[in-house]
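Note sheet for the following structure.
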Amino acid sequence: MKLDNLKHGFDVSTMPMDPLADYWSPGVTETLETRHWSLTDIRSRIDLEAWQGFIGDLPRDPYVNQRWKRMSWLTLNGQGDVEEMGHCPMAQGGAFNDAESMADRLRYYDPLTEEFLSRPDVKAFVRAWARLWSLAPQEPILMQITGVRGEGQVDPLQGQGIHADGCKALSIMVVNRENVLGAKNHLYADKAGSQPLTSTTMAAGDVLHLRDDKVYHSVEGIEQEDPNAPFERFIIIINSRFVDAFQNRILRRHFPDAVLNETR
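In structure tokens:
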């Protein structure tokens with residue numbers, strides 16, 4: 001067998017059969033299936049310090065005070081490679097977003113930079129994430145770097161409270177957390193918050209996976225740990241398979257050939 005491999009110019013017997021097979025910690029798939037959420041980390045998979053370097057040039061969010069943000073629509077092609085789909089605004093219906101500044105309107109943001117998206121560890125993260133959720137080629141994936149910085153106190157959700165994002169597949173990764181008190185994440189089985197599931201304070205590199213159509217989430221307000229220095233907390237949000245009809249209409253308008261999770 002090894003001779004057959006070598007005649008092609010390389011020894012495939014020494015190559016990993018599936019480089020993404022062990023990307024996520026053991027048990028992530030099972031816990032997602034059984035309890036609809038899973039907390040893990042990818043600090044050993046990425047250059048976290050390099051990812052943090054992309055926070056500095058984030059533009060201000062034109063719709064939300066004290067927030068900075070970039071976002072891009074990505075997908076996998078037929079060969080499993082990550083591709084940018086092009087421009088499309090973010091759209092959340094009022095059923096999924098209670099904030100007056102964001103609900104039922106189109107929001108336009110600058111895309112993630114080519115320097116960031118071309119990083120091998122970023123591409124591997126997106127491919128592994130799509131595999132975790134069994135996404136097919138041409139399914140739109142929304143990837144954002146977003147966060148808050150400043151002084152005093154701030155609600156990072158800007159009035160959304162306990163909510164769902166209007167999709168089936170959602171993950172939140174903390175990129176950095178500096179001089180922050182609060183920002184504890186809470187999960188609930190209901191929007192009213194009467195059925196709490198778990199609470200956790202995430203560190204940089206932690207990832208929270210959610211079946212967003214099964215679990216509601218919120219995050220506590222933020223304030224400075226050291227009152228003489230500003231705080232800063234930035235996250236990556238990546239999600240797909242939208243159940244929000246508003247977002248799906250906009251996606252279909254911009255990406256006619258996309259594979260959407262359209263609801264009737």
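In terms of UniProt numbering, the sequence shown opens at residue 1 and continues consecutively. Beta carbons are placed, not taken as given, at the ideal position from N, Cα and C, and that holds for glycine.
Apart from the five residues just before and just after residue i, which ones in its own chain have a Cβ nearer than 7 Å to its Cβ?
i: leucine 48; result: Ala204, Gly205
i: lysine 123; result: Val82
i: proline 19; result: none
I need the straight-line Cα distance from residue i to residue j, nearest angstrom please.
i: glycine 152; j: histidine 254; result: 40 Å
i: alanine 128; j: proline 256; result: 25 Å
i: leucine 135; j: isoleucine 172; result: 17 Å
i: glycine 86; j: proline 111; result: 9 Å
i: isoleucine 250; j: aspartate 190; result: 28 Å
i: serine 194; j: glutamate 262; result: 30 Å
i: leucine 181; j: alanine 192; result: 25 Å
i: tryptophan 73; j: glycine 80; result: 16 Å
i: arginine 252; j: serine 25; result: 35 Å
i: glutamate 220; j: serine 199; result: 10 Å
i: isoleucine 222; j: glycine 27; result: 31 Å
i: arginine 119; j: arginine 241; result: 25 Å
i: threonine 29; j: aspartate 226; result: 38 Å
i: glutamate 33; j: alanine 229; result: 42 Å
i: alanine 21; j: alanine 245; result: 33 Å
Whose C-beta lies closer than 8 Å to the C-beta of residue i among residues of the same chain, with five residues either side of it excluded?
i: threonine 201; result: Ala183, Lys184, Asn185
i: aspartate 213; result: Ala164, Cys167, Lys168, Val243
i: threonine 113; result: Phe54, Asp57, Arg70
i: threonine 31; result: Trp37, Ser38
i: glutamate 115; result: Phe54
i: arginine 35; result: Leu197
i: threonine 14; result: For threonine 14, the predicted model reports a pLDDT of 49, less than 50, meaning its position is unreliable and no value from the coordinates is stated.
Closer than 6 Å by C-beta to residue i: which residues in its own chain qualify, once you throw out the five before and the five after it? Chain order, please.
i: leucine 76; result: Ala130, Pro137
i: tyrosine 23; result: Ala128
i: tyrosine 216; result: Ile162, Ala164, Tyr188, Lys191
i: threonine 146; result: Lys69
i: glycine 78; result: Pro137
i: serine 44; result: none
My assumption, with CB atoms under 8 Å, is that residue i sits in contact with residue j. Please give the rounded CB distance.
i: phenylalanine 234; j: isoleucine 55; result: 5 Å
i: valine 174; j: glutamine 66; result: Their Cβ separation, rounded to whole angstroms, is 17 Å, which puts valine 174 and glutamine 66 out of contact at 8 Å.
i: phenylalanine 125; j: isoleucine 42; result: 7 Å
i: leucine 210; j: leucine 170; result: 5 Å
Given a cut-off of 8 Å on the beta-carbon distance, is the pair residue i and residue j in contact?
i: glutamine 144; j: glutamine 247; result: no
i: leucine 106; j: asparagine 239; result: no
i: tyrosine 108; j: proline 89; result: yes
i: valine 207; j: threonine 40; result: yes
i: aspartate 104; j: isoleucine 46; result: no
i: serine 218; j: glycine 150; result: no
i: glutamate 84; j: leucine 117; result: yes
i: glutamine 224; j: asparagine 176; result: no
i: residue 268; j: arginine 60; result: In the structure as shown, the chain begins at 1 and stops at 264. Residue 268 is therefore absent and cannot be evaluated.
i: proline 156; j: valine 148; result: yes
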